[in-house]
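Undergrad:
There are 2 protein chains.
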Amino acid sequence: MKRTLYELTGKDDRRFSPYCWRTRMALAHKGISVDYEACCFTEKDKIAFSGSEKYPVLVEGDEIVADSWKIACYLEDTYPDKPSLFGGDGGRHMAYFLNTWTDTQLHPAILRTIIWDVFQHINDADIEYFRADREARFKQTLEALRDEQESRAEELEKTLLPLRLVLKKQAWFGGNAPSYDDYIVFGALQWPRSVSPFPVVKPDDSVYEWRSRMIGLFDNLADSTTHYDY
Amino acid sequence: MKRTLYELTGKDDRRFSPYCWRTRMALAHKGISVDYEACCFTEKDKIAFSGSEKYPVLVEGDEIVADSWKIACYLEDTYPDKPSLFGGDGGRHMAYFLNTWTDTQLHPAILRTIIWDVFQHINDADIEYFRADREARFKQTLEALRDEQESRAEELEKTLLPLRLVLKKQAWFGGNAPSYDDYIVFGALQWPRSVSPFPVVKPDDSVYEWRSRMIGLFDNLADSTTHYDY
Chain A
1 MKRTLYELTG KDDRRFSPYC WRTRMALAHK GISVDYEACC FTEKDKIAFS GSEKYPVLVE
61 GDEIVADSWK IACYLEDTYP DKPSLFGGDG GRHMAYFLNT WTDTQLHPAI LRTIIWDVFQ
121 HINDADIEYF RADREARFKQ TLEALRDEQE SRAEELEKTL LPLRLVLKKQ AWFGGNAPSY
181 DDYIVFGALQ WPRSVSPFPV VKPDDSVYEW RSRMIGLFDN LADSTTHYDY
Chain B
1001 MKRTLYELTG KDDRRFSPYC WRTRMALAHK GISVDYEACC FTEKDKIAFS GSEKYPVLVE
1061 GDEIVADSWK IACYLEDTYP DKPSLFGGDG GRHMAYFLNT WTDTQLHPAI LRTIIWDVFQ
1121 HINDADIEYF RADREARFKQ TLEALRDEQE SRAEELEKTL LPLRLVLKKQ AWFGGNAPSY
1181 DDYIVFGALQ WPRSVSPFPV VKPDDSVYEW RSRMIGLFDN LADSTTHYDY
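As you go down the protein sequences, you meet chains A and B in turn.
Reminder that position 173 of the first sequence reads as 173 in the numbering used here, one-by-one numbering, no gaps.
Every number in the numbering used here is 1000 more than the matching position in the second sequence, counting from 1.
1. Assuming serine 17 of chain A and aspartate 117 of chain A form a contact by the criterion Cβ under 8 Å, report the distance between their Cβ atoms to the nearest whole angstrom.
2. Check the C-beta distance from leucine 1027 of chain B over to tyrosine 1180 of chain B and give it rounded, since I have them as a contact under 8 Å.
3. At 9 Å on the CB atoms, spell out the chain A contacts of lysine 1169 of chain B, in chain order.
4. Judging by CA-CA distance, which residue of B/Arg1137, B/Leu1142, B/Val1200 is the nearest neighbour of leucine 1161 of chain B?
5. Output, in chain order, the set of chain B residues within a Cβ distance shorter than 7 Å of proline 80 of chain A.
6. Which class does threonine 1004 of chain B belong to by DSSP, given the choice of helix, strand or coil?
7. Are the C-beta of aspartate 1089 of chain B and some C-beta of chain A separated by less than 7 Å?
8. Quick check on DSSP: helix, strand or coil for aspartate 1204 of chain B?
9. Does any residue of chain A bring its CB to less than 7 Å from the CB of aspartate 1181 of chain B?
10. Near phenylalanine 198 of chain A, what residues of its chain come up, given a Cβ to Cβ distance below 8 Å and the 5 sequence neighbours on each side ignored?
11. Hey, does threonine 113 of chain A have any beta-carbon neighbour from chain B nearer than 7 Å?
12. With a threshold of 8 Å, are at least 3 pairs of Cβ atoms found where one atom belongs to the region 1038-1055 of chain B and the other to the region 1125-1138 of chain B?
13. Specify, as a first and last residue, the run of the alpha helix (DSSP H) that tyrosine 37 of chain A falls within.
14. Along the chain, where does the beta strand (DSSP E) that runs through isoleucine 47 of chain A open and close?
15. Residues bridged to glycine 1175 of chain B by DSSP?
16. Leaving out five residues on either side along the sequence, give the residues of the same chain with a beta carbon under 6 Å from the beta carbon of tyrosine 1183 of chain B.
17. Determine the DSSP secondary structure at isoleucine 32 of chain A, reduced to helix, strand or coil.
18. Kindly indicate which three-state DSSP category leucine 1058 of chain B falls into: helix, strand or coil?
19. On the DSSP letters alone, give me the boundaries of the alpha helix (DSSP H) that alanine 1066 of chain B sits inside.
20. For serine 1068 of chain B, collect the residues of the same chain with a Cβ closer than 7 Å to its Cβ; drop the 5 residues on either side in sequence, then sort them by chain order.
21. Less than 7 Å between the C-beta atoms of leucine 1111 of chain B and threonine 1159 of chain B, yes or no?
22. Within the chosen definition, does the region 57-65 of chain A reach the region 216-227 of chain A through at least 3 CB pairs nearer than 8 Å?
23. To the nearest angstrom, report how far apart arginine 1211 of chain B and asparagine 123 of chain A are at their CA atoms.
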């Protein structure tokens, strides 16, 4: 069956969307192969058929599923005999809290820290859109945000604290093996890794060590697109 | 078998510890009865036998378990045939993230908002200890924190956002029924409810509505100690 994942790309094959990485990893976890269709922010006509304006969009035969959370639930329900993403219903409902916390707390803290670097790596066609949209969202210019990187990085440290403490106690967010929880958080860190030389995590940190294990999964899937090495 | 929960109390039977409420609710979820032994902050000699300086401590026959997370795991492992707190291993590992996030992000945001009210409701014997310990922790006087209540409440709103969004989509953090995840977050809200007239949650909010359902659990267990009605 033909299966396509429409995902966001920047310059030089930088696939930086944290949401698309959640889905990439979830598909690999289920052992399901997929073709990637790379799109810019401003190529939304490519996914207009889905009714969504956001990436990722998964097309599988006649099925069209937009939104990374819905895709994860779709994969779990459609392929119950393949390795579970959630480890049961309790796990699925709890993963939704992590999903929501990551969207509303972790992602903004990361974006504030690396937004200038994202801006440097998007396609030329997206430059105008990105500046207008993000400056309106943050009520600051991109240059002002760039100049605040150091203090923003300090705030990000606070946001990372609960992740750090959990990973001191268990190897994966899912417990003894990676689960969709791990892919949610990994997407957030693969995003800066794709576009920014700024080390949002550093060695001698439980989050950094866990990220190294994540990069090694599925034949180093996370190394298969352009990224910074740190 | 004799079973005793050593828990923190303030004036007038105000059982305000969020950690003790996690355990109270977990015991009720398992259908396990317990005697409560109320202690002040400065009565730690009462729990010296446990090797812990913090409440709650559960004593069950010869077993002594300190720390609300360890107690939850102990109850789940000791009573596997009673209703599950975690809904499986995946759920347990994910609950640990919520536990850690609540300890490190939600609790400080709540405490900064209501610390003066906590101070008004602790036992006289604890006043000196509480002021010295909390002022050192926050590097501010209690009076200065009191005067910032409004701006602190605004920051708390941001911290509550992921909880609010999850509860717009599902009735309980555990999914279709309450689980330990619900007790973790409920403890955080029963704490201000026990000592503060300041409404940290208000009607027409998914968190408020969920809290009302939580208060109704186990024959209104959360109404069995002195509290503010809002």
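Glycine residues also receive a C-beta, built at the ideal position from the N, C-alpha and C atoms.
Being a predicted model, the structure only gives us computed values, none of them experimental.
TA: If we stick to the structure as given:
1. Rounded, the Cβ-Cβ distance is 15 Å, inconsistent with contact.
2. The Cβ separation is near 11 Å, so there is no contact.
3. For lysine 1169 of chain B, the chain A residues whose C-beta falls within less than 9 Å of its own C-beta are Tyr96, Thr100, listed in chain order.
4. Considering only alpha carbons, the answer is B/Val1200.
5. Correct list: empty, because the minimum Cβ distance to chain B is about 15 Å.
6. Secondary structure of threonine 1004 of chain B (DSSP, three-state): strand.
7. Look at aspartate 1089 of chain B: its C-beta is under 7 Å from a C-beta on chain A.
8. Aspartate 1204 of chain B carries a coil assignment under DSSP once its states are collapsed to helix, strand and coil.
9. Yes, because at least one Cβ of chain A sits closer than 7 Å to the Cβ of aspartate 1181 of chain B.
10. If we look at phenylalanine 198 of chain A and ignore the five residues flanking it on each side, its Cβ neighbours are Thr113, Ile114, Asp117, Gln149, Ala153, Pro192.
11. It does not; no Cβ of chain B falls within 7 Å.
12. The region 1038-1055 of chain B vs the region 1125-1138 of chain B: in contact.
13. The amino acid occupying residue 37 of chain A in the given sequence is glutamate; tyrosine does not appear at that position. Glutamate 37 of chain A: not part of any alpha helix (DSSP H); member of the beta strand (DSSP E) spanning 35-39, first to last residue.
14. First-last for isoleucine 47 of chain A: undefined, no H or E at that position.
15. DSSP, once it has assigned bridges, lists B/Trp1172 as partnering glycine 1175 of chain B.
16. Only Arg1022, Met1025, Ala1026 meet the Cβ criterion.
17. Coil.
18. Leucine 1058 of chain B carries a strand assignment under DSSP once its states are collapsed to helix, strand and coil.
19. It is not in any alpha helix (DSSP H) - alanine 1066 of chain B instead sits in the beta strand (DSSP E) that spans 1063-1066.
20. Tyr1019, Arg1022, Thr1023, Pro1056, listed in sequence order.
21. Taking 7 Å as the cut-off, the beta carbon of leucine 1111 of chain B is found no closer than this to the beta carbon of threonine 1159 of chain B.
22. No: the two stretches stay apart, fewer than three of their Cβ pairs being nearer than 8 Å.
23. Arginine 1211 of chain B and asparagine 123 of chain A have their C-alpha atoms spaced approximately 47 Å apart.
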